[in-house]
Amino acid sequence: MDLTEDDVNNVCLSIMKIEGLISFSLEAYPEETLPSIEPFSPPPLLQKLHLQGTLSKLPNWFLEKLNKL
12 MDLTEDDVNN VCLSIMKIEG LISFSLEAYP EETLPSIEPF SPPPLLQKLH LQGTLSKLPN
72 WFLEKLNKL
């Protein structure tokens, strides 16, 4: 499914409102690039973030929140 930047922003806004979210997975089809997750600010209880695909840039908050790689 092809997502527009607006679609991704809307998904990110919805995810940020899920207070009890502890795990989230985002995958791109082979050879595809993941949408930017820069606007995504992870919910406070998020423990696992699984990204599969190519990210053009890590978001600024990524290293601050990273506990294990």
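Residue numbering for the sequence shown follows the working numbering, beginning at 12 and increasing consecutively. Ideal placement from N, C-alpha and C gives every residue a C-beta, glycine not left out. All of these numbers come straight from a predicted model, not from anything done at the bench.
E38: member of the beta strand (DSSP E) spanning S34 to E38, first to last residue. As computed with DSSP, T65 is found in a beta bridge with T44.
Counting only residues of its own chain and dropping the five nearest sequence neighbours on each side, N20 has a CB closer than 7 Å to the CB of P50. Following the DSSP letters along the chain, one finds I26 inside the alpha helix (DSSP H) bounded by residues E16 to M27. Counting along the chain, K76 sits inside the alpha helix (DSSP H) bounded by residues F73 to K76.
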